[in-house]
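In the numbering used here, the protein residues as written are 1266 to 1703.
Accompanying notes for the structure given below.
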Ligand SMILES: NC(=O)c1ccc[n+]([C@@H]2O[C@H](COP(=O)([O-])OP(=O)(O)OC[C@H]3O[C@@H](n4cnc5c(N)ncnc54)[C@H](O)[C@@H]3O)[C@@H](O)[C@H]2O)c1
């Protein structure tokens, strides 16, 4: 048994700010309003729906997660953000077409009031978008303006605490360079308008500098560079990313651990998607797609460990395609063809056709991440990468020297055990009862 951490109570309001107020962000905000008004259930949210076992199986202690750890209550959440379009959350949600218009109309008075602040944006990093609702200045000045926005938002809405979650478009593929290695180099880069600092990094810097937790729901680098990790440790700001684990990758990280557990071989995994929302349009640009592709490809290698299992996974051919197809809107269709082999090498095939609603799967993740990052902050967990939240991401950011864990079941165990540990409960190893006392 560990000692329970000292956790500040979740009193007062929690502001959740999202750079990017498109399909995911507005589905999240509208959904929380619908849940608060008793119109819908928080389906897909671990913090709201899941139970957690405590102690021995025979103890019969299985509280709801939200009754076990002191999370902010849904009525205490306040929403805001930035976008390059001026649409209110109501208009953007209608435009995204994810939730039913009738539901959005019921929530219209509340959703109409939420309007995005002017964005930090540069088309160089997202080729397919053009925005007018944007700030101007050097990159350092832009960061300062974002910090001012956060201060004002906090004051105007009477918030005690803030969390920032990137729900903006996927930026072009970038690799860390010199400017990202130390905080000093990064701040110099901000002052000198370095090309290597995209808007998502400016938001990350602004949030982290203010000690505000920051999550990245897209695959671009954003907070995932040593300079911002250094800053996050200094300011005690929890960070996590990258790329919400939804849709096809969610299915992959559910299926692949099962094949591996049964030592079933895989010779090929072909994944293709059609989707027609703005995200699909942005990903139609090869440079943004490359960022996404890298994120989607890393998953199988990490779960299957071909270096340990060359006979089973050494020759796996993995291919991922995304096709922009406007008629489909947010209702993505993802096909997977999986060529597997079993006993004596005999081949078999599995076909998955997932008619998925991407933002419906992503919205509860935004809620969970906001609540858990806020919990971590109030529990004074060390700033920087919060690996216990890798459950939510396609490319979990991991401390230097560690490999990322992609298996969703291991991620879930890690998340639950972290909560048990925070609350001074025993972590659960599933070791047979006959082998330990108690
Ligand atoms: N939908 C999912 O299931 C899912 C899963 C994983 C990751 N993602 C990622 O989450 C992000 C959001 O997805 P979405 O479906 O809501 O896309 P979307 O295109 O509907 O919304 C993105 C919004 O970000 C805005 N934006 C772009 N650059 C900005 C900037 N610099 N500052 C402020 N706003 C900016 C756009 O104007 C747009 O309104 C994308 O990067 C997507 O790849 C989504």
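The C-beta atom is built at its ideal place from N, Cα and C for all residues, glycine as well.
Taking 9 angstroms as the threshold (C-beta atoms), are residue j and residue i in contact?
{"i": "residue 1426", "j": "residue 1541", "result": "no"}
{"i": "residue 1445", "j": "residue 1496", "result": "no"}
{"i": "residue 1269", "j": "residue 1688", "result": "yes"}
{"i": "residue 1658", "j": "residue 1510", "result": "yes"}
{"i": "residue 1532", "j": "residue 1612", "result": "yes"}
{"i": "residue 1458", "j": "residue 1482", "result": "no"}
{"i": "residue 1353", "j": "residue 1633", "result": "no"}
{"i": "residue 1626", "j": "residue 1515", "result": "yes"}
{"i": "residue 1384", "j": "residue 1287", "result": "no"}
{"i": "residue 1314", "j": "residue 1336", "result": "no"}
{"i": "residue 1349", "j": "residue 1333", "result": "no"}
{"i": "residue 1539", "j": "residue 1580", "result": "no"}
{"i": "residue 1478", "j": "residue 1284", "result": "no"}
{"i": "residue 1635", "j": "residue 1655", "result": "no"}
{"i": "residue 1649", "j": "residue 1664", "result": "yes"}
{"i": "residue 1545", "j": "residue 1593", "result": "yes"}
{"i": "residue 1295", "j": "residue 1342", "result": "no"}
{"i": "residue 1484", "j": "residue 1556", "result": "yes"}
{"i": "residue 1582", "j": "residue 1569", "result": "no"}
{"i": "residue 1346", "j": "residue 1282", "result": "yes"}
{"i": "residue 1504", "j": "residue 1526", "result": "no"}
{"i": "residue 1490", "j": "residue 1466", "result": "yes"}
{"i": "residue 1618", "j": "residue 1289", "result": "no"}
{"i": "residue 1607", "j": "residue 1576", "result": "no"}
{"i": "residue 1340", "j": "residue 1301", "result": "yes"}
{"i": "residue 1620", "j": "residue 1596", "result": "yes"}
{"i": "residue 1638", "j": "residue 1480", "result": "yes"}
{"i": "residue 1273", "j": "residue 1644", "result": "yes"}
{"i": "residue 1232", "j": "residue 1278", "result": "Residue numbering for the chain in the displayed model covers 1266 to 1703; residue 1232 lies beyond these limits and cannot be assessed."}
{"i": "residue 1604", "j": "residue 1534", "result": "yes"}
{"i": "residue 1439", "j": "residue 1486", "result": "yes"}
{"i": "residue 1560", "j": "residue 1660", "result": "yes"}
{"i": "residue 1399", "j": "residue 1386", "result": "yes"}
Along the chain, where does the alpha helix (DSSP H) containing residue i start, and where does it finish?
{"i": "residue 1583", "result": "That residue, residue 1583, is in no alpha helix (DSSP H); its beta strand (DSSP E) goes 1582 to 1589."}
{"i": "residue 1334", "result": "Segment: none, residue 1334 is in no alpha helix (DSSP H) and carries neither H nor E."}
{"i": "residue 1513", "result": "1512 to 1526"}
{"i": "residue 1500", "result": "1491 to 1500"}
{"i": "residue 1570", "result": "Taken as a continuous stretch (DSSP letters only), residue 1570 belongs to no alpha helix (DSSP H), as it is neither H nor E."}
{"i": "residue 1544", "result": "1543 to 1548"}
{"i": "residue 1311", "result": "1311 to 1314"}
{"i": "residue 1358", "result": "1354 to 1361"}
Residue i lies in the beta strand (DSSP E); which residues open and close that run?
{"i": "residue 1279", "result": "1278 to 1284"}
{"i": "residue 1346", "result": "1342 to 1348"}
{"i": "residue 1614", "result": "1612 to 1622"}
{"i": "residue 1596", "result": "1596 to 1606"}
{"i": "residue 1290", "result": "Segment 1288 to 1301 is the alpha helix (DSSP H) holding residue 1290; no beta strand (DSSP E) there."}
{"i": "residue 1485", "result": "Premise fails: residue 1485 is in no beta strand (DSSP E) and is neither H nor E."}
{"i": "residue 1532", "result": "1530 to 1540"}
{"i": "residue 1503", "result": "1503 to 1505"}
Does any C-beta atom of chain D lie closer than 9 angstroms to the C-beta of residue i?
{"i": "residue 1291", "result": "This model lacks chain D altogether; it includes just one protein chain."}
Report yes if the C-beta of residue i is less than 8 angstroms from at least one heavy atom of ligand 3; otherwise report no.
{"i": "residue 1529", "result": "Looking for ligand 3 in the displayed structure turns up nothing; the ligands present are ligand 1."}
Please give me, in chain order, every unbroken run of the beta strand (DSSP E) with length at least 3 that falls completely inside the region 1651 to 1697. Restricting attention to beta strand (DSSP E) runs no shorter than 3 residues, the region 1651 to 1697 encloses none.
Inter-stretch contact at 8 angstroms, needing at least 3 Cβ pairs: the region 1459 to 1476 / the region 1407 to 1418: Three or more beta-carbon pairs drawn from the region 1459 to 1476 and the region 1407 to 1418 are found closer than 8 angstroms, and the two stretches are therefore classed as touching.
Is the region 1515 to 1526 in contact with the region 1551 to 1568, if contact means three or more CB pairs nearer than 8 angstroms? The region 1515 to 1526 and the region 1551 to 1568 touch, with no fewer than 3 CB-CB distances between them shorter than 8 angstroms.
Say whether the region 1429 to 1441 touches the region 1388 to 1408, bearing in mind that this needs 3 or more beta-carbon pairs closer than 8 angstroms, one atom from each stretch. The answer is yes - the region 1388 to 1408 touches the region 1429 to 1441, with three or more Cβ pairs under 8 angstroms.
Start-end ranges of the beta strand (DSSP E) lying completely within the region 1367 to 1403, minimum 3 residues: If only uninterrupted beta strand (DSSP E) runs of at least 3 residues are considered, none is enclosed by the region 1367 to 1403.
Just list the beta strand (DSSP E) runs in the region 1398 to 1432, keeping only unbroken ones of 3 residues or longer that don't cross its boundaries, in chain order. Segments of the beta strand (DSSP E) lying fully in the region 1398 to 1432: 1424 to 1431.
At least three beta-carbon pairs within less than 8 angstroms, the region 1596 to 1609 to the region 1549 to 1556: Note that the region 1596 to 1609 does not touch the region 1549 to 1556; fewer than 3 beta-carbon pairs, one per stretch, sit closer than 8 angstroms.
Quick check for students: name the residue ranges of the alpha helix (DSSP H) that lie wholly in the region 1440 to 1479, counting only runs of 4 or more. The DSSP assignment places 1448 to 1456, 1464 to 1474 as complete runs of the alpha helix (DSSP H) inside the region 1440 to 1479, in order along the chain (cut-off: 4 residues).
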